[in-house]
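Comments concern the structure below.
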Amino acid sequence: MTFSPQLEARFDKLLKSYPPGRQRSAMVPMLLYAQDEIGRITDELVNEVATRTGCTPLQVNEVLSYYSMLHTKPLGKYHIQVCTNISCLLRDGDKLYEHTCKKLGIGHKEVTADGQFSVEEVECIGACSWAPAIQVNYDFHHHVTPEKLDQLLDGLGKKQ
Amino acid sequence: MLFNQPSPLETKVLTRRFGLPNSASIDTYLATEGYQAFLKAAKMTPEQIIEEVKVSNLRGRGGAGFPTGMKWGFVPRTSPKPKYIVVNGDESEPGTCKDRVLIENDPHQLIEGVLIAGLSVDAHAGYIYIRGEYRYLIEVVEKALAEAYEKGWLGKNIQGTGFDFDLYAHTGAGAYECGEESALLESLEGKRGIPRIRPPFPAVAGAFQCPTILNNVETFCAVPAILRDGGAAFAALGIPKSGGTKMTCLTGHINKPGVYELKLGFPVKQMIEEVGGGIRNGKKLKAFIPGGSSCPVLTAAEVEGATMDYDSMASRKTMLGSGGVIIMDEDTCMVKAALRIMRFYAHESCGWCIPCREGTTWLKKILTRFHEGQGTRTDIDLIGDIAKNMLGRTFCPLGDAAAMPTISIVEKFRHEFEDHLNGKPCPYENTGSMVTV
Numbered sequence: 001m002t003f004s005p006q007l008e009a010r011f012d013k014l015l016k017s018y019p020p021g022r023q024r025s026a027m028v029p030m031l032l033y034a035q036d037e038i039g040r041i042t043d044e045l046v047n048e049v050a051t052r053t054g055c056t057p058l059q060v061n062e063v064l065s066y067y068s069m070l071h072t073k074p075l076g077k078y079h080i081q082v083c084t085n086i087s088c089l090l091r092d093g094d095k096l097y098e099h100t101c102k103k104l105g106i107g108h109k110e111v112t113a114d115g116q117f118s119v120e121e122v123e124c125i126g127a128c129s130w131a132p133a134i135q136v137n138y139d140f141h142h143h144v145t146p147e148k149l150d151q152l153l154d155g156l157g158k159k160q
Numbered sequence: 161m162l163f164n165q166p167s168p169l170e171t172k173v174l175t176r177r178f179g180l181p182n183s184a185s186i187d188t189y190l191a192t193e194g195y196q197a198f199l200k201a202a203k204m205t206p207e208q209i210i211e212e213v214k215v216s217n218l219r220g221r222g223g224a225g226f227p228t229g230m231k232w233g234f235v236p237r238t239s240p241k242p243k244y245i246v247v248n249g250d251e252s253e254p255g256t257c258k259d260r261v262l263i264e265n266d267p268h269q270l271i272e273g274v275l276i277a278g279l280s281v282d283a284h285a286g287y288i289y290i291r292g293e294y295r296y297l298i299e300v301v302e303k304a305l306a307e308a309y310e311k312g313w314l315g316k317n318i319q320g321t322g323f324d325f326d327l328y329a330h331t332g333a334g335a336y337e338c339g340e341e342s343a344l345l346e347s348l349e350g351k352r353g354i355p356r357i358r359p360p361f362p363a364v365a366g367a368f369q370c371p372t373i374l375n376n377v378e379t380f381c382a383v384p385a386i387l388r389d390g391g392a393a394f395a396a397l398g399i400p401k402s403g404g405t406k407m408t409c410l411t412g413h414i415n416k417p418g419v420y421e422l423k424l425g426f427p428v429k430q431m432i433e434e435v436g437g438g439i440r441n442g443k444k445l446k447a448f449i450p451g452g453s454s455c456p457v458l459t460a461a462e463v464e465g466a467t468m469d470y471d472s473m474a475s476r477k478t479m480l481g482s483g484g485v486i487i488m489d490e491d492t493c494m495v496k497a498a499l500r501i502m503r504f505y506a507h508e509s510c511g512w513c514i515p516c517r518e519g520t521t522w523l524k525k526i527l528t529r530f531h532e533g534q535g536t537r538t539d540i541d542l543i544g545d546i547a548k549n550m551l552g553r554t555f556c557p558l559g560d561a562a563a564m565p566t567i568s569i570v571e572k573f574r575h576e577f578e579d580h581l582n583g584k585p586c587p588y589e590n591t592g593s594m595v596t597v
């Protein structure tokens with residue numbers, strides 16, 4: 001498999017970051033960074049990461065199934081992650097999540113028909129003092145209201 | 161830059177550079193006494209460094225509150241194995257958002273703390289483990305690391321001291337459990353984040369089975385100030401046995417939520433009223449969680465006279481924890497709060513130990529039907545019983561973390577559970593429910 005030069009450079013650096021014989025350490029970062037580039041974890045990617053880290057594909061799959069940010073199914077171009085954990089809940093994060101689902105017409109871990117949006121109800125994302133908070137892909141949005149969310153989604157929808 | 165309006169009641173030690181132009185850059189850091197503590201430490205013996213940290217009364221800021229100097233002292237410095245320094249930046253305890261602020265605003269302070277830890281145990285490599293959701297912080301840290309290498313504060317023979325140190329950023333990929341130290345080490349080795357049995361502790365067999373210092377981001381960030389100004393000066397900021405300041409995240413029903421650096425021993429009432437501007441909408445306090453969702457809940461009456469430090473919280477049978485303060489007003493449904501907390505732990509249980517894996521899911525199911533009005537009177541005791549049977553029966557503290565708030569909510573807010581025994585949905589939902597914006 002070939003990746004962008006930036007990602008290849010990142011992989012090279014990663015594989016040199018751990019003690020000799022410990023290249024398996026690079027597995028989780030490699031999977032996450034590769035997923036960012038190609039959209040999801042494919043069987044081909046599993047095999048590639050296995051080869052590069054000196055592991056079996058089974059070992060990679062075993063790790064892959066543990067981490068909630070690694071996914072084998074495609075997500076929307078904009079993955080809307082709404083936190084409903086306690087600090088966000090106290091500031092209406094649950095209502096914000098319901099609003100998001102209703103607006104996009106999809107539920108937890110579903111993707112809109114045009115592939116633009118997906119929604120996920122997530123656990124604490126570490127934005128508790130700026131609740132309710134969401135992440136769109138990796139971007140944080142704080143103090144989100146339903147109105148602000150509508151504006152954000154409408155803006156992203158137009159960017160298509 | 162992510163930080164709220166500071167409060168005049170804060171004691172700015174770890175946050176002293178917040179708000180300066182380019183506070184994250186090495187130039188700003190060097191212009192404000194940055195890396196001077198490392199140079200001072202490089203002239204000291206490892207014993208002297210560890211002694212200084214012990215004198216400071218610094219205790220682990222990730223939640224457990226273990227004395228840092230003592231932890232460092234457990235590392236067998238003369239072991240022929242390489243030693244490692246690992247930073248726990250897997251901040252994911254609900255209610256906690258302080259490490260994020262520390263890394264974003266002042267990454268070099270963290271790097272300097274790691275370097276000093278390295279000197280104290282003769283370690284020459286370290287890893288900063290950052291949760292996957294904090295992706296932008298990986299970029300912040302990598303930029304800071306590159307600057308430090310470029311200016312000779314990392315790498316070979318740092319500033320002519322003869323000390324070598326390499327530091328790397330490592331990302332997680334979504335797992336609360338990886339904030340537990342032994343699970344974090346498994347994750348760092350490219351495995352599922354499942355806790356290890358202890359002993360041996362990480363001090364002896366940590367990263368790659370080698371002696372390792374593993375501390376929270378905030379703990380390392382406190383170290384430069386301790387070496388620079390002396391352990392005694394840091395200790396004097398707090399109260400006996402709890403030195404220094406604590407990054408405190410005010411969350412929930414409060415007028416001015418935010419992250420504030422407060423002296424240990426800061427009165428809770430003053431924190432809520434003066435730092436946080438009081439409870440939102442003029443409401444009364446119902447419940448208070450001092451340090452993340454795994455801490456037992458305090459009632460408004462129990463908060464009277466309490467101070468934000470390890471001992472005051474321990475005397476009230478709760479914990480200072482991570483500093484993630486969760487404030488719930490009089491309209492909050494405590495059954496719903498207990499349910500949401502349990503849903504989290506059921507989702508995050510790694511499944512390794514049966515009491516945690518089965519207990520969290522069982523409790524989630526009972527609390528779900530209870531909140532919907534389908535609970536029975538015997539369920540109330542059952543919730544408490546299941547939770548008590550999880551306590552102390554798991555490899556790692558996640559089982560305890562799920563059990564402790566649950567037990568406290570059932571014991572202290574039993575009447576709210578009884579109010580749900582009417583076959584109807586939550587009685588609190590229609591009376592203003594959790595919040596009214």
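Going down the list, the sequences are from chains A and B. Counting in our numbering, the final residue of the first sequence is number 160, and the numbers go up one at a time with none missing. Counting in our numbering, the final residue of the second sequence is number 597, and the numbers go up one at a time with none missing. Every residue, glycine too, gets a C-beta built ideally from N, C-alpha and C.
Test: residue i CB closer than 8 Å to a CB of chain B
i: valine 28 of chain A; result: yes
i: leucine 7 of chain A; result: no
i: glutamate 166 of chain A; result: Only positions 1 to 160 of chain A appear in this structure, which leaves residue 166 of chain A out of reach.
i: serine 4 of chain A; result: no
i: glutamine 135 of chain A; result: yes
i: leucine 89 of chain A; result: yes
i: cysteine 101 of chain A; result: no
i: isoleucine 86 of chain A; result: yes
i: proline 19 of chain A; result: yes
i: proline 132 of chain A; result: no
i: tyrosine 138 of chain A; result: yes
Extent of the continuous alpha helix (DSSP H) to which residue i belongs
i: cysteine 370 of chain B; result: Per DSSP, cysteine 370 of chain B belongs to no alpha helix (DSSP H) and is neither H nor E.
i: alanine 392 of chain B; result: 391–397
i: glycine 278 of chain B; result: 267–281
i: leucine 58 of chain A; result: 57–64
i: leucine 558 of chain B; result: 558–572
i: glycine 233 of chain B; result: 228–233
Contact with chain A by residue i, beta-carbon distance below 8 Å
i: alanine 497 of chain B; result: yes
i: threonine 478 of chain B; result: no
i: valine 419 of chain B; result: yes
i: threonine 467 of chain B; result: no
i: asparagine 590 of chain B; result: Because the pLDDT at asparagine 590 of chain B is just 47, under 50, the model does not fix this residue reliably, and the point stays unresolved.
i: serine 482 of chain B; result: no
i: valine 597 of chain B; result: The predicted model places valine 597 of chain B with a pLDDT of 32, which falls under 50 and marks its position as unreliable, so this point remains unresolved.
i: glycine 334 of chain B; result: yes
i: tyrosine 294 of chain B; result: yes
i: tyrosine 289 of chain B; result: no
i: cysteine 516 of chain B; result: no
i: glycine 604 of chain B; result: The structure shown does not extend to residue 604 of chain B, since chain B is modelled only from 161 through 597, so no value can be given for it.
i: arginine 500 of chain B; result: yes
i: cysteine 257 of chain B; result: yes
i: arginine 237 of chain B; result: no
Among the options, the one whose alpha carbon lies nearest that of residue i
i: threonine 520 of chain B; options: B/Thr492, B/Ile567, B/Lys429 and B/Met479; result: B/Ile567
i: serine 472 of chain B; options: B/Gly481, B/Cys338, B/Gly425 and B/Lys231; result: B/Gly425
i: glutamate 251 of chain B; options: B/Met407, B/Asp545 and B/Arg503; result: B/Met407
i: arginine 598 of chain B; options: B/Ser454, B/Thr478, B/Ile540 and B/Lys477; result: The displayed coordinates of chain B run from 161 to 597. Any statement about residue 598 of chain B would go beyond what the structure contains.
i: threonine 330 of chain B; options: A/Leu15, A/Thr100, A/Met1 and A/Gln6; result: Note that residue 330 of chain B is histidine in the sequence shown here, rather than threonine. The candidate whose alpha carbon is nearest that of histidine 330 of chain B is A/Leu15.
i: isoleucine 357 of chain B; options: B/Glu578, B/Glu571 and B/Arg553; result: B/Arg553
i: tyrosine 33 of chain A; options: A/Asp150, A/Ala9 and A/Tyr18; result: A/Ala9
i: proline 456 of chain B; options: B/Lys258, B/Met502 and B/Gly391; result: B/Met502
i: lysine 241 of chain B; options: B/Ala283, B/Ala201 and B/Gly225; result: B/Ala283
i: lysine 524 of chain B; options: B/Ser216, B/Tyr287, B/Trp512 and B/Gly544; result: B/Gly544
i: proline 587 of chain B; options: B/Thr321, B/Glu532, B/Tyr189 and B/Ile288; result: B/Glu532
For residue i, the first and last residue of its enclosing beta strand (DSSP E)
i: alanine 285 of chain B; result: 285–290
i: threonine 405 of chain B; result: 405–412
Interface flag, residue i vs chain D, CB-CB below 8 Å
i: leucine 32 of chain A; result: Looking at the structure shown, chain D is missing, and the protein chains on hand are A and B.
Continuous alpha helix (DSSP H) assignments of at least 4 residues falling wholly in the segment 449–474 of chain B: Counting only runs that start and end inside the segment 449–474 of chain B, the alpha helix (DSSP H) elements of at least 4 residues fall at 460–463.
Residues from the segment 41–69 of chain A in contact with chain B, defined by Cβ distance under 7 Å: Hits within the stretch, in order: Thr53, Glu62, Val63, Tyr66, Tyr67, Ser68 and Met69.
Cβ-based contacts, 7 Å cut-off: residues of the segment 343–362 of chain B near chain A: Those would be Ser347, Leu348, Glu349, Gly350, Lys351, Arg352 and Gly353, in chain order.
Chain A contacts made by the segment 382–414 of chain B, where a contact means CB separation under 8 Å: Residues of the segment 382–414 of chain B that bring their beta carbon within less than 8 Å of a beta carbon in chain A comprise Cys409, Leu410, Thr411, Gly412 and His413, in sequence order.
Contiguous alpha helix (DSSP H) assignments of at least 4 residues, all confined to the segment 476–539 of chain B: You should have 494–508 and 514–531.
Minimum length 3: unbroken beta strand (DSSP E) runs contained in the segment 313–384 of chain B: Qualifying beta strand (DSSP E) stretches, in chain order: 326–331 and 372–376.
Uninterrupted beta strand (DSSP E) stretches inside the segment 162–201 of chain B (no shorter than 3 residues): Taking only runs of at least 3 residues, no beta strand (DSSP E) segment lies wholly in the segment 162–201 of chain B.
Ranges of the beta strand (DSSP E) found wholly within the segment 79–137 of chain A, counting only runs of at least 3: Runs of the beta strand (DSSP E) inside the segment 79–137 of chain A: 117–122 and 134–136.
Interface residues of the segment 163–180 of chain B facing chain A [CB-CB below 8 Å]: For the segment 163–180 of chain B, the set of positions with a beta-carbon nearer than 8 Å to some beta-carbon of chain A reads Asn164 in chain order.
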